[in-house]
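Enquirer:
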Amino acid sequence: MIDKDLQIAVSEALKSLYNIEVAAESVALQKTKKEFVGDYTIVVFPFVKQARKSPEAVANELGAAVKASMPQVADFNVIKGFLNFLICDDYWKSFTDSIANDSTIGLKKVDTNAAPVVIEYSSPNTNKPLHLGHIRNNLLGWSVAQLLTANGRNVKKVNLVNDRGIHICKSMLAWLRYGNGETPESSGMKGDHLVGKYYVEFDKHYKEEIRELIDKGMEEEQAKKEAPLMVEAQKMLKRWEEGDKEIRDLWEKMNGWVYAGFDETYKKMGVGFDKIYYESNTYLLGKELVQKGLDMGVLFRKEDGSVWCDLTDAGLDQKLLLRKDGTSVYMTQDLGTALLRHNDFGADQLIYVVGNEQDYHFQVLKIILGRLGFDWADKVYHLSYGMVELPNGKMKSREGTVVDADDLIEEMEKTAEEMCRERGKNDEMTAEEQKELYHILALGALKYFILKVDPTKTMLFNPAESIDFNGNTGPFIQYTYARIRSIVRKAVGEKGLDLTAKCDNVAMNEKEREVIKMLHDMPAVVEQAAASYSPAMIANFTFDLAKAFNSFYQDTPILRETDSNRMLFLVQLCAAVSNSIKNMMWILGIEVPERM
RNA sequence: GGCCCCGUAGCUCAGCUGGAUAGAGCAACUGCCUUCUAAGCAGUAGGUCCUGCGUUCGAAUCGCAGCAGGGUCACCA
């Protein structure tokens, strides 16, 4: 690649001209800004002191030396301390030739024998339906998995379903008390929503009980513990843990409803997993590790029998690992599942897509794994993402201020349908094709909206404004793709163009060159995005590419080009852009339509 | 209170390891469809990059202090 060659040439020139040692890869090469002439820029300020010359002189000498050693450098210019290189069109042309028919452009081949990177995401509770926060988790998890795959990593996606615990018992208890045998079939409700309804129901009655107890003069703290519903739920959890058949049957029945509901939503979102873990199978793991930790002396037991890890020397608190009754907590389980996962896959890396509210948890997890002697502790990576906030703050299930995942998707599909009908471009499609298109556009808009934001940042969603379909959006990119495909179809079908033919040299204009340069840049963007686990970088790059293409499209008639060789060049460029868009959107988990 | 994250246009967001006159989209206003899909293109307007100090040839970017917002410090997960 030309950028690497330039770095080497600059490094060598610095050495021979001024005896300055700079490793080629640390030569700061940047793309020349739009308002200046050139393709790549070197800032020479860092070298002027050692060179003992003015910035202009250094830039001119450096430019001349590099130009002399590299035939691809057509020219250079100097503005203040900035040295701009101009690359000759032959280079861009031959680069275009090399990608014209590459359908996997931007994607590296996966080595399936390599030790895998295991990425956990989604990890839902089975007592409430998915909301917008979960959507961000799922889309991020899926997309980061795709992104790493695009970089040749062998990726395994896993889900750890939180299917047991006191919260599940609350839903079960409420269903027994107030449900009258209601089922998804009898109510017509999606299973996860039905169970979620009873979780809310529990909370409602529980609060009533607390209030009554407080009215009778009990302290709030005590009331929360002694409210009959809570006591009952605790009993149920105990019976569950003892394997009581009646409870287990009910639990299986209600979880079954939830899974059916989740599967539907996962399918709509287009996400999936290689392996699903259930906490009911893994919650006892980790206890052995605690024993090992005690033997090693990295954990200690308090007088009441509870087991702790002292992290005060790391600037943190003491962390509980076993309750005084010997039962395990979240951290204990996570230690166990980490080891299980490491052993199951022989993983090279363990990624957890979990909200930043759990930053502390994962910090502690890594430290304890390390102290337990696992050298792979530093391969645990917490992909910590920000919350989705509403205009009036955080989403809270209990206050009913959540944006339900299924509702949102349905709403998006309706909007997509309206948009399409307004334009009337797809009237000749079958009803089935139209429905498919609405879904692709709806999910494209939603996914892009979520993924274009830096994962680490909190983002805002305003339910009052619908998600856009114009501008910096998924449908904008999908539209660009559809238009390109239309051109390529016509070129091949009506004009009989052979896309695989060899194209002779052509004159290219600035807009074409701009698009080619972006494609040239794409591999570096994909690498950078993977290194920072950021689908947002892919999203923003793809938007810029689509914009650059549209600008080119606007003032270059392609199918009416009279020079057949130039038309071949233009259509090959179109094909390369469409393949690029398709592959970048694949990383984001977004489908692209052939027409819209 | 301890620790962590964050503050860029009216709104939503870019701005990679410091580099040229801080960029998009939405909203507002102008133009452009007898020509490859106008979900588009071209343009106008909009900024104390939270504040202050420091580091340096150079700071939205790095450091310190302050202000504002959020998260977290459970024998919950």
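Here the first sequence is numbered in the numbering used here, starting from 69 and rising by one per residue.
Ideal placement from N, C-alpha and C gives every residue a C-beta, glycine not left out.
For the candidate residues 296, 197 and 613, whose alpha-carbon lies nearest to that of residue 472?
Expert: Taking the first residue of the first sequence as 1, we reach residue 472 at position 404. Ranking the options by Cα distance to residue 472, first place goes to 197.
Enquirer: Can you grab the Cα-Cα spacing for the pair residue 475 / residue 481, in whole Å?
Expert: Residue 475 sits at position 407 when you count from the first residue of the first sequence. Residue 481 sits at position 413 when you count from the first residue of the first sequence. About 10 Å.
Enquirer: Quick check: the Cα distance between residue 533 and residue 249, rounded to an integer number of angstroms?
Expert: Locating residue 533 in the first sequence gives position 465, counting from the first residue. Locating residue 249 in the first sequence gives position 181, counting from the first residue. Cα to Cα, the separation comes out at about 39 Å.
Enquirer: Please list the segments of the alpha helix (DSSP H) lying wholly inside the region 149-215, counting only runs of 4 or more residues, in order along the chain.
Expert: 157-167
Enquirer: Skipping 5 residues on each side, what residues in its chain have a beta carbon closer than 6 Å to that of residue 79?
Expert: Along the first sequence, one-based indexing puts residue 79 at 11. The answer, listed in chain order, is 90, 92 and 95.
Enquirer: If you follow the beta strand (DSSP E) that residue 667 is in, where does it begin and where does it stop?
Expert: Within the shown structure, residues of the chain are numbered from 69 to 664, placing residue 667 beyond reach of any answer.
Enquirer: Sorted by chain position, which residues of the same chain lie with C-beta nearer than 8 Å to residue 158's C-beta, five sequence neighbours on each side aside?
Expert: Here residue 158 refers to the residue found at position 90 of the first sequence. Correct list, in chain order: 140 and 573.
Enquirer: So the beta strand (DSSP E) residue 351 belongs to, where does it begin and stop?
Expert: Along the first sequence, read from residue 1 onward, the residue named residue 351 stands at position 283. No beta strand (DSSP E) contains residue 351, which DSSP labels as neither H nor E.
Enquirer: Would a C-beta distance cut-off of 7 Å place residue 142 and residue 154 closer than the cut-off?
Expert: Here residue 142 refers to the residue found at position 74 when the first sequence is read from its first residue. Here residue 154 refers to the residue found at position 86 when the first sequence is read from its first residue. Yes. Within cutoff.
Enquirer: Spatial neighbours of residue 644 within its chain, please: C-beta separation below 8 Å, excluding the five flanking residues on both sides.
Expert: Residue 644 sits at position 576 when you count from the first residue of the first sequence. For residue 644, same chain residues with a beta-carbon under 8 Å away, outside a window of 5 residues either side, are 164, 167, 168, 170, 173 and 587 in chain order.
Enquirer: Would you kindly work out how many angstroms separate the C-alpha atoms of residue 202 and residue 127, rounded to a whole number?
Expert: Position 134 of the first sequence holds residue 202. Position 59 of the first sequence holds residue 127. Roughly 52 Å between the two C-alpha positions.
Enquirer: Check for me: the beta strand (DSSP E) holding residue 423 runs from which residue to which?
Expert: Here residue 423 corresponds to residue number 355 of the first sequence, with the count starting at 1. Here the beta strand (DSSP E) through residue 423 covers 417-423.
Enquirer: Looking at the unbroken alpha helix (DSSP H) that takes in residue 442, where does it start and where does it end?
Expert: Taking the first residue of the first sequence as position 1, residue 442 is located at position 374. Taken as a continuous stretch (DSSP letters only), residue 442 belongs to no alpha helix (DSSP H), as it is neither H nor E.
Enquirer: Taking only runs that begin and end inside the region 334-400, name each unbroken alpha helix (DSSP H) of 4 or more residues, in chain order.
Expert: 347-350 and 355-364
Enquirer: Could you give the DSSP three-state label for residue 285: helix, strand or coil?
Expert: By 1-based counting over the first sequence, the position of residue 285 is 217. It is coil, neither helix nor strand.
Enquirer: Applying the criterion that 16 or more other CB atoms from any shown protein chain within 10 Å of the CB defines a buried residue, is residue 265 buried or exposed?
Expert: Numbered from 1 along the first sequence, position 197 holds the residue referred to as residue 265. Burial call: buried.
Enquirer: For the structure I just gave you, are there three or more beta carbon pairs, one from the region 206-217 and one from the region 353-368, closer than 8 Å?
Expert: no
Enquirer: Measuring alpha carbon to alpha carbon, tell me which residue in 69, 213, 641 and 343 is nearest residue 568.
Expert: In the first sequence, counting from the first residue as 1, residue 568 sits at position 500. Here the closest residue by C-alpha is 641.
Enquirer: Which one or two residues does DSSP pair with residue 224 in a beta bridge?
Expert: As a position in the first sequence, residue 224 is number 156, starting the count at 1. Beta-bridge pairing links residue 224 to 186.
Enquirer: Could you tell me the alpha carbon to alpha carbon distance between residue 616 and residue 547, rounded to whole angstroms?
Expert: In the first sequence, residue 616 corresponds to position 548, counting from 1. In the first sequence, residue 547 corresponds to position 479, counting from 1. In a straight line, the C-alpha of residue 616 is about 14 Å away from that of residue 547.
Enquirer: Counting only the same chain and skipping the five closest in sequence on each side, list residues whose C-beta sits under 7 Å from that of residue 455.
Expert: Within the first sequence, residue 455 is the residue found at index 387, counting from 1. 201, 423, 462 and 526, listed in sequence order.
Enquirer: Taking Cβ to Cβ, would you say residue 133 is nearer than 7 Å to residue 218?
Expert: Position 65 of the first sequence, counted from the start, is the residue given in the question as residue 133. Position 150 of the first sequence, counted from the start, is the residue given in the question as residue 218. No, they are not a contact pair.
Enquirer: Using the beta-carbon count (16 or more within 10 Å), is residue 610 buried or exposed?
Expert: The residue given as residue 610 occupies position 542 in the first sequence. With 16 or more other Cβ atoms within 10 Å, it is buried.
Enquirer: Taking C-beta to C-beta, are residue 237 and residue 304 nearer than 7 Å?
Expert: Taking the first residue of the first sequence as position 1, residue 237 is located at position 169. Taking the first residue of the first sequence as position 1, residue 304 is located at position 236. Yes, the Cβ-Cβ distance between residue 237 and residue 304 is below 7 Å.
Enquirer: Between residue 340 and residue 404, how many whole angstroms is the CB-CB distance? I'm expecting something under 8 Å.
Expert: The sequence position of residue 340 within the first sequence is 272, counting from 1. The sequence position of residue 404 within the first sequence is 336, counting from 1. The pair is not a contact, with the Cβ atoms about 25 Å apart (cut-off 8 Å).
Enquirer: I'd like the ranges of any alpha helix (DSSP H) spanning at least 4 consecutive residues and lying wholly in the region 264-324.
Expert: 288-294 and 296-309
Enquirer: Buried or exposed, going by whether 16 or more other CB atoms sit within 10 Å of the CB of residue 69?
Expert: Walking along the first sequence from the start, residue 69 turns up at place 1. So residue 69 counts as exposed.
Enquirer: Looking only at DSSP bridge pairs, what is residue 405 linked to?
Expert: The residue you call residue 405 lines up with position 337 of the first sequence. Paired residues: none, contrary to the question.
Enquirer: What do you reckon, are the CB atoms on residue 229 and residue 415 nearer than 7 Å?
Expert: Taking the first residue of the first sequence as 1, we reach residue 229 at position 161. Taking the first residue of the first sequence as 1, we reach residue 415 at position 347. Result no, Cβ atoms of residue 229 and residue 415 do not sit closer than 7 Å.
Enquirer: Using 7 Å as the threshold, is the C-beta distance between residue 247 and residue 329 below it?
Expert: Taking the first residue of the first sequence as position 1, residue 247 is located at position 179. Taking the first residue of the first sequence as position 1, residue 329 is located at position 261. Their beta carbons are not under 7 Å apart, which means residue 247 does not touch residue 329 by this criterion.
Enquirer: Tell me where the beta strand (DSSP E) around residue 111 begins and ends.
Expert: For the purposes of this step, residue 111 is taken as residue 43 along the first sequence, with counting starting at 1. Counting along the chain, the beta strand (DSSP E) containing residue 111 begins and ends at 108-111.
Enquirer: Pick helix, strand or coil for residue 329, following the three-state DSSP scheme.
Expert: Indexing the first sequence from 1 puts residue 329 at position 261. Three-state DSSP puts residue 329 in a helix.
Enquirer: What number of angstroms, rounded off, separates the C-alpha of residue 663 from the C-alpha of residue 551?
Expert: Here the question's residue 663 lines up with position 595 in the first sequence. Here the question's residue 551 lines up with position 483 in the first sequence. Cα to Cα, the separation comes out at about 7 Å.
Enquirer: Would you kindly report the start and end of the unbroken beta strand (DSSP E) that includes residue 457?
Expert: Your numbering for residue 457 matches position 389 in the first sequence. Here the beta strand (DSSP E) through residue 457 covers 456-458.
Enquirer: Check the DSSP bridge columns for residue 145 and list the partner residues they point to.
Expert: Taking the first residue of the first sequence as 1, we reach residue 145 at position 77. Partner(s): 152.
Enquirer: Tell me whether residue 107 is buried or exposed, calling it buried when 16 or more other Cβ atoms sit within 10 Å of its Cβ.
Expert: The count along the first sequence starts at 1 and reaches residue 107 at position 39. So residue 107 counts as buried.
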